[in-house]
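Novice: One structure is given below, represented as structure tokens, and several questions about it will come after.
2 protein chains.
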Amino acid sequence: MRLIQEIDQTCCPPLVGSVLSETDAERLAQALRVIADPARLRLVSLVAASEGGESCVCDLTDRLDLGQPTVSHHLKVLTDAGILRREKRGRWAYYRIEPEPLELLRGALDPGAVGTERSTELGVT
Amino acid sequence: MRLIQEIDQTCCPPLVGSVLSETDAERLAQALRVIADPARLRLVSLVAASEGGESCVCDLTDRLDLGQPTVSHHLKVLTDAGILRREKRGRWAYYRIEPEPLELLRGALDPGAVGTERSTELGVT
DNA sequence: GGGACATATTGACAGCTATCGATATATCCG
DNA sequence: CGGATATATCGATAGCTGTCAATATGTCCC
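Residue numbers (our numbering), protein chains in the order written: chain V, 1 to 125; chain E, 1001 to 1125.
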């Protein structure tokens, strides 16, 4: 039983700039854990690089040296997180990138204030 | 026994733009796992927000609701990854952010080619 | 030296998760 | 309907890691 772990607007306050609350840290960590896996990184990379911007599971399974259930599992994790979108057409399931979540994660990693004095200007709690 | 897992220039080819090799995916995943933890995210956030850009361990231990050995462990993981730098002065150890690794990770997440045709232009393997 | 303090290391353990084989579900086709 | 194909789900397991208590190391000061 896996919980939905959608990466939404509220998941990713910037890592630097103000101190992360326990809740925010938990949320951001959960979002990062989704992509902190080699198989899932390769899946995202494969889908993004595929022509038409989408891949069906069979293509992905072929290239990952992992069993089909395992690939399916990773795709579910990525989809639940909102990073991939699933569309079923006939017997096949096609996955494509949903750009926003990755962009949000990226934004959370650095607002450009690392190592500067800006951090103290922003009302540290 | 923990391996050094320095995040260097070679760790983070872009996630999107070409297909990640198994090795690159493993490296990037390892780097992401370092920050995919709520305690470590809060540590980075705390250090970045502290005045002077540095904190000693005692300050961090106070604010994390975790035991001192646990905080020390997380600081070691972050330091081994190159995200924090340790400087010992007297009895105290001070940690500060090393901006580059986070910036590299951030860069790996998206070169701006998500969902565009650019990915196919870049020589997909 | 010796006590107090700050931090690091060690060893143990519980919880999580990546993986697999087996099976279920769903869709197409003849 | 029945077989074939594509994907998802289930149950089990092994390996990893975050956490802690106990202890070690290092530093200052009297």
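Here a beta-carbon is modelled for each residue, glycine too, at the ideal position from N, C-alpha and C.
Note down, in chain order, every chain E residue with its Cβ under 7 Å from the Cβ of V/Glu-103.
Specialist: Residues of chain E passing the Cβ test: Asp-1110.
Novice: Using Cβ-Cβ distances below 7 Å, what residues of the segment 43 to 67 of chain V are close to chain E?
Specialist: Against chain E - using a Cβ distance shorter than 7 Å - the residues of the segment 43 to 67 of chain V are Val-44, Ser-45, Leu-46, Ala-48, Ala-49, Glu-51, Gly-53.
Novice: Looking at the structure shown, is E/Ala-1081 part of a helix, part of a strand, or coil, going by DSSP?
Specialist: Note: E/Ala-1081 maps to coil in three-state DSSP.
Novice: My assumption, with CB atoms under 8 Å, is that E/Leu-1078 sits in contact with E/Arg-1040. Please give the rounded CB distance.
Specialist: The pair is a contact, with the Cβ atoms about 6 Å apart (cut-off 8 Å).
Novice: State the DSSP-derived secondary structure class of E/Arg-1033, mapped to helix, strand or coil.
Specialist: The answer is helix: DSSP assigns E/Arg-1033 an H, G or I state.
Novice: Could you check if E/Arg-1033 is buried or exposed, using at least 16 other CB atoms within 10 Å of its CB as the buried criterion?
Specialist: E/Arg-1033 comes out buried.
Novice: Is it right to say E/Pro-1038 is buried, meaning 16 or more other beta carbons lie within 10 angstroms of its own, or is it exposed?
Specialist: It is buried - the Cβ of E/Pro-1038 has at least 16 other Cβ atoms within 10 Å.
Novice: Mind checking whether V/Ser-45 and E/Leu-1020 have CB atoms under 8 Å apart?
Specialist: Closer than 8 Å, so yes.
Novice: State the CB to CB distance for the pair E/Tyr-1095 and E/Leu-1102, rounded to an integer number of angstroms; the pair is presumed to be in contact (CB under 8 Å).
Specialist: Contact flag wrong, Cβ pair sits at about 14 Å.
Novice: Just to confirm, is the Cβ distance from V/Thr-61 to V/Val-71 under 8 Å?
Specialist: Closer than 8 Å, so yes.
Novice: Quick check: what's the CA-CA separation for E/Gly-1053 versus E/Asp-1110?
Specialist: Each residue's alpha carbon lies about 28 Å from the other.
Novice: Taking only beta-carbon atoms, is E/Arg-1033 less than 8 Å away from chain V?
Specialist: Interface residue, yes.
Novice: Is the beta carbon of V/Ala-108 sitting closer than 8 Å to the one on V/Leu-28?
Specialist: Against a cut-off of 8 Å, the Cβ pair of V/Leu-28 and V/Ala-108 comes out as a contact.
Novice: For V/Gly-67 and V/Gln-30, what's the separation of their Cα atoms in angstroms?
Specialist: Using only the alpha carbons, I get a separation of about 25 Å.
Novice: Going by DSSP in three states, V/Arg-106 sits in which element: helix, strand or coil?
Specialist: Looking at V/Arg-106 - three-state DSSP - the assignment turns out to be helix.
Novice: Taking all protein chains shown into account, do 16 or more other C-beta atoms lie within 10 angstroms of the C-beta of E/Asp-1065, making it buried, or fewer, making it exposed?
Specialist: Exposed is the call here.
Novice: For the segment 1074 to 1090 of chain E, which residues have a beta carbon sitting closer than 9 Å to at least one beta carbon of chain V?
Specialist: Those residues of the segment 1074 to 1090 of chain E that come within reach of chain V (Cβ to Cβ, closer than 9 Å) do not exist; the list is empty.
Novice: DSSP state of E/Ser-1021, grouped into three classes?
Specialist: Three-state DSSP puts E/Ser-1021 in coil, outside helix and strand.
Novice: Assign E/Ser-1050 to one of three DSSP states: helix, strand, or coil.
Specialist: Coil.
Novice: Identify whether V/Glu-87 lies in helix, strand or coil by the three-state DSSP scheme.
Specialist: In the structure shown, V/Glu-87 sits in a strand (DSSP, three-state: E or B).
Novice: For E/Pro-1038, would you say it is in contact with chain V, using Cβ-to-Cβ distances shorter than 8 Å as the test?
Specialist: It does: the Cβ of E/Pro-1038 has a partner Cβ on chain V nearer than 8 Å.
Novice: Can you give me the start and stop residues for the alpha helix (DSSP H) that V/Leu-64 sits inside?
Specialist: Here the alpha helix (DSSP H) through V/Leu-64 covers 57 to 64.
Novice: To which residues of the same chain is E/Val-1203 closer than 6 Å at the C-beta, ignoring the five residues directly before and after it?
Specialist: Past the edges of chain E, shown from 1001 to 1125, lies residue 1203 of chain E, and the structure says nothing about it.
Novice: Do E/Ala-1036 and V/Ala-156 have their beta-carbon atoms positioned less than 8 Å apart in this structure?
Specialist: The structure shown does not extend to residue 156 of chain V, since chain V is modelled only from 1 through 125, so no value can be given for it.
Novice: Mind checking whether V/Arg-86 and E/Arg-1106 have CB atoms under 8 Å apart?
Specialist: Result no, Cβ atoms of V/Arg-86 and E/Arg-1106 do not sit closer than 8 Å.
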